[in-house]
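Notes for the one structure printed next.
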């Protein structure tokens, strides 16, 4: 199979390149891959694209989106080789889906606000997927989602059936109840790990009741934790951080936290 370099490539070139990589005389590694073997690649590339968005780096985002697109092309090529579907079928499917779920743009319906547009989208999606019950909607949330993201999605969908907090204080009370149950379990009156999971789930509900996204809130907490530990190491100077006493570390942590809070004022 011949290949002629070009000054600029497009989507069709990508399809041809991937097909050549998977061809008998192509790349041994690419030929050996399956959907399962590159599953994690897809996840990693997607997160790297999200990280580029968080960094507000357009150049990096362009590169990372290309890596995500490569994953789409690879999976599509694997199925094209079996005769099931092609990259063009993938494009056809998403175009039809966008047209169907935007009747206020491509049809006769109307949606004057973002809320109305989202409501239309959700209603059409449920009709399209045949999701008529709470069971249908909850079971369609992928178990492969990150646990916190899945918890939030389940809570949101259950909210349409009345399982929603009226105010944040109600969610906080649930967190306190779960904390009490965890304390009892830790004293031998239950499964502590299971109760800890219930506490995390309740905490996700509290974050949502506060109008925030649990995944983003935890990411922010992780960022703060990372910065504080690094600052503690800087403050420890020549002393090895791991060799400090618990009290010495607590002092450094308190200082690092105060510095962080002062910088926000």
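Residue numbers (our numbering): 3 to 267. For each residue, glycine too, the CB sits at the ideal point set by N, CA and C. Note that the coordinates shown come from a computational prediction; the quantities given were computed from them, not determined experimentally.
Next item on the list: Evaluate residue 207 with the Cβ neighbour count: other Cβ atoms within 10 Å of its Cβ, from every protein chain shown; 16 or more gives buried, anything less gives exposed.
Entry: Under this definition residue 207 is a buried residue.
Next item on the list: Identify which residue in 48, 82 and 92 has its Cα closest to the Cα of residue 36.
Entry: Ranking the options by Cα distance to residue 36, first place goes to 82.
Check: How long is the line joining the alpha carbons of residue 198 and residue 173, rounded to whole angstroms?
Finding: Distance between residue 198 and residue 173, taken at the CA atoms: about 16 Å.
Notebook entry, point to check: Cα separation between residue 184 and residue 119?
Noted result: Whole-angstrom Cα-Cα distance: 42 Å.
Item checked: C-beta contact flag for residue 73 and residue 24 at 7 Å -> Against a cut-off of 7 Å, the Cβ pair of residue 24 and residue 73 comes out as no contact.
Check: Between the beta-carbon of residue 217 and the beta-carbon of residue 150, is there less than 7 Å?
Finding: Contact flag set, yes.
Notebook entry, point to check: Curious, which full-length alpha helix (DSSP H) runs of at least 4 residues does the region 107-178 contain?
Noted result: Those alpha helix (DSSP H) runs which fall completely within the region 107-178 and span 4+ residues are 116-131, 136-141 and 149-161.
Notebook entry, point to check: Could you check where the alpha helix (DSSP H) with residue 89 kicks off and where it finishes?
Noted result: Counting along the chain, the alpha helix (DSSP H) containing residue 89 begins and ends at 89-102.
Check: Where does residue 242 land, buried or exposed, given buried means 16+ other C-beta within 10 angstroms?
Finding: Its Cβ having fewer than 16 others within 10 Å, residue 242 is exposed.
Notebook entry, point to check: In the region 178-248, which residue ranges form an unbroken alpha helix (DSSP H) of at least 4 residues, counting only runs that do not cross its ends?
Noted result: For secondary structure counted as the alpha helix (DSSP H) over 4 or more consecutive residues, the region 178-248 holds these complete runs in sequence order: 194-211 and 216-238.
Checklist line | Entirely enclosed alpha helix (DSSP H) segments - the region 35-81, minimum 4 residues | finding: Taking 4 residues as the shortest admissible run, the region 35-81 contains the following complete alpha helix (DSSP H) segments, listed from N- to C-terminal end: 41-56.
Notebook entry, point to check: Is DSSP giving residue 12 helix, strand or coil here?
Noted result: Three-state result, residue 12: coil.
Next item on the list: Kindly indicate which three-state DSSP category residue 263 falls into: helix, strand or coil?
Entry: If DSSP states are grouped into helix, strand and coil, residue 263 belongs with the helices.
Notebook entry, point to check: Could you give the distance in angstroms between the alpha-carbon of residue 187 and the alpha-carbon of residue 145?
Noted result: Per the coordinates, the alpha-carbon of residue 187 lies some 27 Å from the alpha-carbon of residue 145.
Next item on the list: Give a yes or no on whether the C-beta atoms belonging to residue 108 and residue 17 are separated by under 7 Å.
Entry: With contacts defined by Cβ atoms closer than 7 Å, residue 108 and residue 17 do not form a contacting pair.
Item checked: Inter-residue CB distance, residue 176 and residue 204 (contact presumed, cutoff 8 Å) -> That belief holds up - the Cβ atoms of residue 176 and residue 204 are roughly 5 Å apart, short of 8 Å.
Margin query: As a quick exercise: from 63, 11 and 261, pick the residue whose alpha carbon is nearest that of residue 229.
Written below: Proximity to residue 229 across 63, 11 and 261 peaks at 261, based on C-alpha coordinates.
Checklist line | residue 181 versus residue 138: straight-line alpha-carbon distance, rounded | finding: Near 31 Å, if we compare the C-alpha coordinates of residue 138 and residue 181.
Check: Which residue's Cα is closest to the Cα of residue 161: 209, 98 and 136?
Finding: Considering only alpha carbons, the answer is 136.
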